[in-house]
Amino acid sequence: MSQAGTAQTEKGAAKRRCPVITEDGFILSMNPRTGETLKKIPITPADDVKKVVAEAREAQKRWAALPFFERERALKKVSQYFLDNMDTIAEEIAKENGKTVYEAVLMELLGAIDFITWFAGRAKKALKDRKVPLHLMPTARSYLTYKPVGVVGVIAPWNYPLITPISDIAPALAAGNAVVFKPSEFSSGVGQLIERCFKEAGFPAGVLRAVYGGGDVGAALVSSGVDHIGFTGSTATGKKVMETAAKTLTPVTLELGGKDPAIVLMDADLDEAAQGILWGGFSNMGQTCASVERVYVHEGVYNKFRDKLVEQAKQHLNMDAANPQSQFGSMNNELQAALVNNQLKDAEEKGANVLFRLETPKNDGFYVAPTIIDGVTEDMELFAAETFGPIIPLYPFSSADEAINKANDSPYGLSASIWTKNYNRGEMIARSLHAGVVTINDHMITPGFAEAPWGGVKDSGIGRIKSEDALRGFSEVKYIYHDRGMMPHKAWRYPYNKAKLAFLKDMAIANNDMSFVNRAKAYMRVLPQFLFGFKKQD
Ligand code: NAD
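Residues in the sequence shown are numbered from 148 upward in steps of one, following this note's numbering.
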């Protein structure tokens, strides 16, 4: 979507473009439901990004020098600030993003608050020294230490403008790093909101910095000398980020696109599956990397499931822009709305059947009608490309193997779900799916769990975010080996001689021979030298 940041004058802007980058160097933060400009945000000149990173590096030294409990306290004050201001923050997110206030609370604030608290509290335990016992050198002290990498660059998309960057910002800060964060040009107002919340919560100045702009500012951040890049966005941009990062060998974590499958087995609780899949496909207007984009249903229950899904959609869903209880907002921006509508049009023109379509408000917003569809074939764009919109396509299958093959037949591998009452079978199928995360009898809820690692395989990304591993991922790992003088043999030192060579070969046998007897005999042979070292004449 970054191409949307092409320069346009504010005047001509693009009531319909949301937002625009103006020729005089501003991002127009806009309300996608109305086209109203909310604020003008100055773009950070790409040349200034290095300076911001250098300043963050200075602030990081003071931050990293604080004991864990002080960093924990500073971060917990931020989550408290979010807690105390949930209503206004949710309104502000909804206004710029197009999502409903309900989903701003459910899918942004709850997770973001929890992540900050959890990572703040967990850092000390996750980053304490870890022993690495050595079977060849049992008496040595051998351990890992963790220290912050320095400055972490976080580049975020627009679909979850709060929780997505916080998923990287929280562990990076808790591990003692400074962060320079670039929000999407489509959600820079929420970027400023994040900066403001940290500041008003009394967070130490300079440790979290933001830079604003489009792809060029993102690229400048990648090549600025930061020590790690946490990127979330499309697969195409992720590849560019990796290419740029390769020039400075900057480590990257890439959280990219998806085309998530849901598999409904014969024995599934169909009401439960229909509810979960409806939410997994339509919440946040389908603008979730892990939204359900392919539903494979066993042919034995296909009609029944299809009817239940459509029935539930008719019963529960409404889309009234003026009604705060409406389950749907608008899409975030015009380009994304056009992309989804084009996929739908292409599918319908080529013969797909629309089973359900919600009426959209008749105003200027970027609305896409949540749609359930079947009869989708390989020649339709909807079939394989990421949709990132509220369309749920249904496909029948006749055996679990067929469902697994179909689910795996995608360049993406972010998450997947299986719906069944047979838990063992569900877990067996989960192991056969080529995805970073698999859920059984639910979809897309684990991104909200701080402890659960998140990330994809294939075109869906590299690395994992969240969980204790994220704290270690934003740390430099150092291995320390300390010979405490309790290993007298030192068979690797000069002079080399026959006795040492025999000892080394016996050590190999003692540790690895498949025969217990051979191992035991070798142990007996090496024991004296192991304990007392070599005699001078050896
Ligand atoms: P995008 O790739 O267009 O932009 C993402 C960010 O990258 C923006 O901040 C953008 O300004 C920046 N950018 C653009 N070009 C750049 C460059 N050359 N170098 C560095 N940064 C650059 O993605 P988007 O449209 O904002 O987000 C939607 C995509 O994000 C979807 O594909 C979605 O699946 C994916 N996503 C993935 C996850 C996940 O956890 N896997 C989560 C949310 C969104």
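By construction, the Cβ of each residue, glycine as well, lies at the ideal position given by its N, Cα and C atoms.
Review point. Between K272, V442 and K246, which lies nearest to P543 when the distance is taken from Cα to Cα?
Key: Within the sequence shown, residue 543 is the residue found at index 396, counting from 1. Per the Cα distances, V442.
Point to revise | Of the listed residues F530, N569 and A597, nearest to A547 (C-alpha basis) | key: Position 400 of the sequence shown holds residue 547. Answer by Cα proximity: N569.
Review point. Going by other Cβ atoms of all chains shown within 10 Å of its Cβ, with 16 needed for buried, is K455 buried or exposed?
Key: Taking the sequence shown and counting its residues from 1, one reaches residue 455 at position 308. Buried: at least 16 other Cβ atoms inside 10 Å.
Practice item. Just tell me which of V501, Y628 and A460 has its CA closest to the CA of R277. Key: Against the sequence shown, residue 277 aligns to sequence position 130. For R277, the nearest C-alpha among the options comes from Y628.
Practice item. Hey, could you find the ends of the alpha helix (DSSP H) N450 is sitting in? Key: The residue given as residue 450 occupies position 303 in the sequence shown. It spans Y449 to H463 - the alpha helix (DSSP H) in which N450 sits, taken as one unbroken run.
Check your understanding: For R672, does the three-state DSSP call read helix, strand or coil?
Key -> The count along the sequence shown starts at 1 and reaches residue 672 at position 525. Three-state result, R672: helix.
Check your understanding: Helix, strand or coil for W265 per DSSP?
Key -> As a position in the sequence shown, residue 265 is number 118, starting the count at 1. In this structure, W265 counts as helix in the three-state DSSP scheme.
**Study point:** Span of the beta strand (DSSP E), counted from its first residue to its last, around E525
**Key:** Position 378 of the sequence shown, counting from 1, holds the residue named residue 525. Counting along the chain, E525 falls outside any beta strand (DSSP E), and DSSP gives it neither H nor E.
Review point. What whole-angstrom Cβ distance do E688 and V337 have, given they're in contact under 8 Å?
Key: Look at the range of the chain in this structure, 148 to 685, and you will see that residue 688 is not part of it.
Review point. Candidates T264, R356, F262 and D315: which alpha carbon is nearest A206's?
Key: Here residue 206 refers to the residue found at position 59 of the sequence shown. For the residues T264, R356, F262 and D315, the minimum Cα distance to A206 belongs to R356.
Review point. Just the Cα atoms here: how many angstroms apart are Q422 and D589?
Key: By one-based count along the sequence shown, residue 422 stands at place 275. By one-based count along the sequence shown, residue 589 stands at place 442. Whole-angstrom Cα-Cα distance: 9 Å.
Check your understanding: Can L561 be considered in contact with the ligand NAD, in the sense that its beta carbon sits closer than 7 Å to one or more heavy atoms?
Key -> Looking up residue 561 in the sequence shown gives position 414. Yes, the beta carbon of L561 sits closer than 7 Å to at least one heavy atom of the ligand NAD.
Exercise for review: Say yes only if the C-beta of V604 is nearer than 7 Å to one or more non-hydrogen atoms of the ligand NAD, and no if none qualify.
Suggested key: Mapped onto the sequence shown, residue 604 falls at position 457. Not so, every heavy atom of the ligand NAD lies at least 7 Å from the Cβ.
**Study point:** Cβ shell of K294 (< 8 Å), same chain only, five flanking positions each side left out
**Key:** Taking the first residue of the sequence shown as 1, we reach residue 294 at position 147. Only A211, G323, S622, E623 and K625 meet the Cβ criterion.
Exercise for review: Quick one: residues in its chain with C-beta nearer than 7 Å to the C-beta of G602, no 5 flanking neighbours on either side, listed in chain order?
Suggested key: Against the sequence shown, residue 602 aligns to sequence position 455. So the qualifying residues of the chain are E402, G583, G608, G610, R611 and I612.
Check your understanding: Using DSSP with H/G/I as helix, E/B as strand and the rest coil, what is D407?
Key -> Within the sequence shown, residue 407 is the residue found at index 260, counting from 1. It is a strand residue.
Practice item. Return helix, strand or coil for V515, following the three-state DSSP convention. Key: For the purposes of this step, residue 515 is taken as the residue at position 368 of the sequence shown. Here V515 sits in coil by DSSP.
Exercise for review: Return the Cβ separation of G476 and K197 in integer angstroms, given the expectation that the two are a contact with Cβ distance under 8 Å.
Suggested key: Numbered from 1 along the sequence shown, position 329 holds the residue referred to as residue 476. Numbered from 1 along the sequence shown, position 50 holds the residue referred to as residue 197. The pair is not a contact, with the Cβ atoms about 37 Å apart (cut-off 8 Å).
Point to revise | beta strand (DSSP E) runs wholly inside the stretch 613-652, at least 3 long, in chain order | key: The stretch 613-652 contains these whole beta strand (DSSP E) runs: 622-629.
Check your understanding: So what does DSSP say about G349, is it helix, strand or coil?
Key -> Here residue 349 corresponds to residue number 202 of the sequence shown, with the count starting at 1. Coil at G349, not helix or strand.
Check your understanding: Can you tell me the Cα-Cα spacing of A667 and P675, whole angstroms?
Key -> As a first step, residue 667 must be located in the sequence shown, where it is residue number 520. As a first step, residue 675 must be located in the sequence shown, where it is residue number 528. Roughly 14 Å between the two C-alpha positions.
Point to revise | Element boundaries [beta strand (DSSP E), containing L185] | key: Position 38 of the sequence shown, counting from 1, holds the residue named residue 185. Run containing L185: T184 to P189, per the beta strand (DSSP E) assignment.
Exercise for review: Could you have a look at P318 and say whether DSSP puts it in helix, strand or coil?
Suggested key: Sequence index remark: in the sequence shown, residue 318 carries index 171 (1-based). Per DSSP, reduced to three states, the secondary structure at P318 is helical.
Exercise for review: Write down the C-beta distance between Q490 and L464 rounded to the nearest angstrom, noting that I regard them as a contact closer than 8 Å.
Suggested key: Mapped onto the sequence shown, residue 490 falls at position 343. Mapped onto the sequence shown, residue 464 falls at position 317. Actually they do not touch by this definition, with Cβ atoms about 20 Å apart.
Point to revise | Given V301 as reference, the closest of H375, R288, R631 and F262 once Cα atoms are compared | key: Walking along the sequence shown from the start, residue 301 turns up at place 154. That would be H375, whose Cα lies nearest to the Cα of V301.
Point to revise | Spatially closest choice to A348 from L230, Q462, V515 and F266, by CA coordinates | key: For this step, residue 348 is matched to residue 201 along the sequence shown. Comparing Cα-Cα distances from A348 to each of L230, Q462, V515 and F266, the minimum goes to L230.
Exercise for review: For G595, verify whether its CB is less than 7 Å away from any heavy atom of the ligand NAD.
Suggested key: Counted from its first residue, the sequence shown places residue 595 at position 448. No; taking the cut-off as 7 Å, the Cβ of G595 has no heavy atom of the ligand NAD nearer than that.
**Study point:** Local conformation of E574 per DSSP, three classes
**Key:** Within the sequence shown, residue 574 is the residue found at index 427, counting from 1. In the structure shown, E574 sits in a helix (DSSP, three-state: H, G or I).
Practice item. Determine the contact status of P318 and L618, defining contact as a CB-CB distance below 8 Å. Key: Here the question's residue 318 lines up with position 171 in the sequence shown. Here the question's residue 618 lines up with position 471 in the sequence shown. A contact, by the Cβ cut-off of 8 Å.
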